[in-house]
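Residue numbers (my numbering), protein chains in the order written: chain S, 92 to 210; chain D, 21 to 132. Note that beta-carbon positions come from the ideal geometry of N, C-alpha and C, so glycine has one too. In this text, all values refer to a predicted model and were calculated from it rather than measured experimentally.
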Amino acid sequence: NAGVMQNPRHLVRRRGQEARLRCSPMKGHSHVYWYRQLPEEGLKFMVYLQKENIIDESGMPKERFSAEFPKEGPSILRIQQVVRGDSAAYFCASSPQGAHWERAKNIQYFGAGTRLSVL
Amino acid sequence: GENVEQHPSTLSVQEGDSAVIKCTYSDSASNYFPWYKQELGKGPQLIIDIRSNVGEKKDQRIAVTLNKTAKHFSLHITETQPEDSAVYFCAAKASAGNKLTFGGGTRVLVKP
């Protein structure tokens with residue numbers, strides 16, 4: 092059973108370009124979370140999505156950032172007009188909400204991340 | 021919102037000794053507390069978790085304790101091995117909502 096798959100692993104963009112980060116959740120998972128990690132810091136929540144719905148975007152910057160999780164295909168985190176401050180590692184996690192056992196509802200499984208560098 | 025503080029930020033121990041990492045949280049509604057291990061260049065991996073209806077949980081060399089009254093929880097690693105060297109993160113999740121709030125991380129170095 093493949094884990095959470097993120098691509099690309101590394102992404103280099105020049106200031107003003109767009110960055111698209113993809114996340115395929117674990118098989119059977121329908122809930123996706125995006126977190127950002129700056130160097131030497133902890134992970135900061137950005138957005139929580141279910142298929143075709145944004146449930147909680149309280150951690151998303153108001154401008155330039157958007158996320159989607161379509162009915163078919165991976166979740167996409169999109170950053171428009173990137174700036175140097177966007178350089179970070181972006182992690183996706185998925186969870187098996189709706190499982191029969193309560194414990195499983197809380198567990199978030201993380202992908203290996205996308206490291207974005209803005210030149 | 022929730023705030024999670026984690027200490028120490030770095031921890032160096034001799035192989036075979038124990039390592040203890042402590043976290044405090046601010047939201048008394050938090051009811052789930054996972055610990056993640058992150059190795060260089062990789063994503064966080066869940067190593068142990070605890071729910072608010074349990075005070076202690078153990079899995080081989082790893083144990084976690086939770087004090088709801090004081091709003092703090094700790095990770096204990098016994099008989100440390102070089103492969104335990106990594107960055108460890110604590111996190112908390114409120115009963116309402118699904119987002120995890122992470123501590124700042126502890127870089128653990130186990131010296132052979």
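Where residue i falls: helix, strand or coil (DSSP)
i, result
"glutamate 103/D", "helix"
"arginine 175/S", "helix"
"isoleucine 198/S", "coil"
"alanine 110/S", "strand"
"histidine 120/S", "coil"
"methionine 90/S", "Coverage of chain S is limited to positions 92 through 210, which leaves residue 90/S absent and any answer about it impossible."
"proline 165/S", "coil"
"valine 74/D", "coil"
"serine 46/D", "coil"
"aspartate 147/S", "strand"
Cutoff 8 angstroms; reference residue i; Cβ partners in own chain excluding five residues on either side
i, result
"histidine 27/D", "Ile41, Lys42, Cys43 and Thr126"
"leucine 120/D", "Pro54, Ala111, Ala112 and Lys113"
"arginine 100/S", "Ala203, Gly204, Thr205 and Arg206"
"lysine 142/S", "Ser121, Phe160, Pro161 and Lys162"
"methionine 117/S", "Asn92, Ala93, Gly94, Val95, Ser185, Pro187 and Tyr200"
CB contact check: residue i to chain D, cutoff 9 angstroms
i, result
"leucine 210/S", "no"
"glutamine 171/S", "no"
"serine 166/S", "no"
"lysine 135/S", "yes"
"isoleucine 198/S", "yes"
"alanine 203/S", "yes"
"valine 95/S", "yes"
Cutoff 9 angstroms: residue i Cβ touching any chain S Cβ
i, result
"valine 24/D", "yes"
"aspartate 47/D", "no"
"proline 132/D", "no"
"glutamine 34/D", "no"
"threonine 121/D", "yes"
"phenylalanine 93/D", "no"
"proline 64/D", "yes"
Spatial neighbours of residue i in its chain, beta-carbon cut-off 7 angstroms, leaving aside the 5 residues before and after
i, result
"glycine 75/D", "Thr85 and Leu86"
"proline 132/D", "Glu35 and Pro102"
"glycine 150/S", "Lys135, Phe136, Met137 and Val138"
"tyrosine 181/S", "Leu112, Trp125, Arg127, Leu168, Gly204, Thr205 and Leu207"
"aspartate 37/D", "Thr100"
"arginine 81/D", "Ile97, Thr98 and Glu99"
Outcome for residue i when other beta-carbon atoms lying within 10 angstroms are tallied against a minimum of 16
i, result
"serine 50/D", "buried"
"glycine 204/S", "buried"
"arginine 105/S", "exposed"
"alanine 110/S", "buried"
"serine 115/D", "exposed"
"asparagine 144/S", "exposed"
"glycine 61/D", "exposed"
"glycine 164/S", "exposed"
"proline 64/D", "buried"
Rounded straight-line distance, which links the Cα of residue j to that of residue i
i, j, result
"phenylalanine 93/D", "lysine 57/D", "16 angstroms"
"glutamate 148/S", "serine 157/S", "9 angstroms"
"serine 51/S", "proline 130/S", "With chain S running from 92 to 210 in the structure shown, residue 51/S is simply not present."
"valine 24/D", "proline 161/S", "32 angstroms"
"valine 174/S", "isoleucine 167/S", "19 angstroms"
"glycine 21/D", "aspartate 47/D", "7 angstroms"
"asparagine 98/S", "glycine 107/S", "21 angstroms"
"alanine 90/D", "tyrosine 52/D", "15 angstroms"
"valine 107/D", "valine 33/D", "14 angstroms"
"cysteine 114/S", "arginine 155/S", "19 angstroms"
"tyrosine 45/D", "leucine 95/D", "14 angstroms"
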